[in-house]
Amino acid sequence: MESEVYYVNFKKGDINNSTGPQTQSQGQDDGKSQKSMRFGRFCNPQGSRSLVLITVGLGLICVLLLVFVILQHIIITAERDRIKSYKNTVKEFNQTISGLQDNYTDLKTEKDQLQNNFRSLSQQILELESQVRSLKDELNMDASERVCLFISNELNWADSRQYCRDHGGDLLIINTEEKQRFIFSLVEERVWIGLSDREQEGNMKWVDNSPLNEGFWLGGEPNNQDGNEDCVELIPSHPVLNSWNDLPCSKMKKGICEK
Numbered sequence: 001m002e003s004e005v006y007y008v009n010f011k012k013g014d015i016n017n018s019t020g021p022q023t024q025s026q027g028q029d030d031g032k033s034q035k036s037m038r039f040g041r042f043c044n045p046q047g048s049r050s051l052v053l054i055t056v057g058l059g060l061i062c063v064l065l066l067v068f069v070i071l072q073h074i075i076i077t078a079e080r081d082r083i084k085s086y087k088n089t090v091k092e093f094n095q096t097i098s099g100l101q102d103n104y105t106d107l108k109t110e111k112d113q114l115q116n117n118f119r120s121l122s123q124q125i126l127e128l129e130s131q132v133r134s135l136k137d138e139l140n141m142d143a144s145e146r147v148c149l150f151i152s153n154e155l156n157w158a159d160s161r162q163y164c165r166d167h168g169g170d171l172l173i174i175n176t177e178e179k180q181r182f183i184f185s186l187v188e189e190r191v192w193i194g195l196s197d198r199e200q201e202g203n204m205k206w207v208d209n210s211p212l213n214e215g216f217w218l219g220g221e222p223n224n225q226d227g228n229e230d231c232v233e234l235i236p237s238h239p240v241l242n243s244w245n246d247l248p249c250s251k252m253k254k255g256i257c258e259k
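For the sequence shown, counting from 1, position 205 maps to 205 in this note's numbering; every step adds exactly one.
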């Protein structure tokens with residue numbers, strides 16, 4: 001097909017007129033196009049979606065930070081409370097230990113006291129057993145061997161003997177261990193007995209003039225201290241078989257009499 005060629009004649013004025021308005025219109029169109037492009041970039045749906053995502057992300061970060069801060073506060077508070085509780089527990093434990101130490105000291109003291117009491121009671125039991133044996137021996141004595149005992153006033157040895165004789169008896173004679181134990185269990189204070197070496201120093205005799213066969217002396221007695229101890233007393237505060245002592249006959253004390 002043959003192309004068709006069209007020839008258009010324009011006047012010079014027409015060209016200028018047509019060119020001028022066309023150029024202005026084109027400029028206006030270009031300006032509108034640029035504004036449309038800038039507005040299009042600002043109002044781009046993809047850009048709005050990114051902005052929303054960024055905003056949401058920042059919000060989540062803020063929430064996470066807030067949660068982290070709250071958790072840290074809770075952890076620190078719990079740790080502080082735990083440390084405080086631990087300190088209180090340690091304090092109570094130390095107080096308990098101190099109390100137990102005091103109780104241990106008290107119990108140890110009480111134990112020592114109980115041991116002392118036990119030893120004392122054991123000694124008393126032994127003495128009571130000895131007294132029981134003496135009483136049994138006394139009860140087993142024949143009627144002829146039994147004696148009537150009484151105590152004189154507080155006098156010297158010679159006057160005490162005279163008191164006993166005035167009342168139908170004489171100062172006590174102790175010639176057996178059984179009788180010593182029995183008499184020892186009865187007396188509660190130092191008393192004269194009927195033994196002396198007034199007639200001959202070192203030759204102890206009873207008031208019936210019989211010699212001494214068995215004595216129950218304190219350690220180191222008789223010692224005739226100062227050369228003037230010729231009469232004999234019984235001291236109940238000493239051991240039962242070590243309770244005799246010589247001393248001056250002029251001393252004032254009660255005497256134990258028998259008849």
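The C-beta atom is built at its ideal place from N, Cα and C for all residues, glycine as well.
Keep in mind that this is a model prediction, so the values were computed, not measured.
*Which residue's Cα is closest to the Cα of Gly215: Asp226, Phe184, Gln180, Glu189?*
Gln180
| What is the rounded straight-line gap between the Cα of Phe118 and the Cα of Val187? | 25 Å
_Please classify Asp102 as buried or exposed, where buried requires at least 16 other C-beta atoms within 10 Å of its C-beta._
exposed
**Prompt:** Under the three-state reduction of DSSP, which class applies to Ser160: helix, strand or coil?
**Reply:** Ser160: helix per DSSP, three-state reduction.
Given Lys253, which residues of its chain have a CB within under 7 Å of its CB, disregarding the five upstream and five downstream residues?
-> Glu154, Arg190, Val191, Trp192, Glu233.
- Item | C-alpha gap between Leu128 and Phe93, whole angstroms | Between the alpha carbons of Leu128 and Phe93 lies a distance of about 51 Å.
Practice problem: Please determine, among Asn116, Leu218, Ser210, Ser185, the residue with the shortest C-alpha to C-alpha distance to Asn175. | Solution: If we check each option's Cα against that of Asn175, Ser210 comes out closest.
Note down, in chain order, each residue of its chain lying with its Cβ closer than 6 Å to the Cβ of Leu149, except the 5 sequence neighbours on either side.
Around Leu149: Glu258.
message: According to DSSP, is Lys251 part of a helix, a strand, or is it coil?
response: coil
>> Only counting the same chain, and skipping five residues up and downstream in sequence, which positions put a Cβ closer than 8 Å to that of Gln115?
In response: none
Roughly how many angstroms separate the alpha carbons of Ile97 and Ile70, rounded to a whole number?
40 Å
By alpha-carbon positions, which one of Glu178, Gly194, Leu60 ends up nearest to Gly262? Given that the chain is displayed from residue 1 to residue 259, the structure contains no residue 262 and the question cannot be resolved.
ask   = Where DSSP assigns a beta bridge to Ser299, which residues make up the other side?
value = As shown, the chain starts at 1 and ends at 259. That puts residue 299 outside it, with no answer to give.
Taking Phe184 as part of the alpha helix (DSSP H), name the residues at either end of that continuous run. 177-186
>> Taking the alpha-carbon of Leu135 as reference, which of Phe184, Met204, Asp208 has the nearest alpha-carbon?
In response: Phe184
Item to complete: Would you verify that the beta carbon of His238 is, or is not, closer than 8 Å to some beta carbon of chain C?
Response: In the displayed structure, chain C is absent; only one protein chain is listed.
Point to revise | Ser122 (DSSP reduced to helix, strand or coil) | key: helix
>> Strictly by DSSP, which residues pair up with Val191?
In response: Leu234, Lys254
Fill in: With 16 other Cβ atoms within 10 Å as the buried cut-off, status of Pro239
exposed
**Message:** Going by beta-carbon coordinates alone, are Asp230 and Asp246 separated by less than 8 Å?
**Reply:** yes
CB of Trp206 within 8 Å of CB of Ile173, strictly = yes
Classify Phe216 as helix, strand or coil using the three-state DSSP reduction. Residue state, collapsed to three classes: coil.
Among all the DSSP beta bridges, which residues are the ones paired with Asp102? Partner(s): none; Asp102 has no beta bridge.
Next item on the list: Determine the burial state of Ser85: buried for a count of at least 16 other Cβ atoms within 10 Å of its Cβ, exposed for fewer.
Entry: exposed
Just checking my contact of Glu199 with Asn224 at CB under 8 Å: how many whole Å lie between their CB atoms?
-> Not confirmed; about 14 Å, so no contact.
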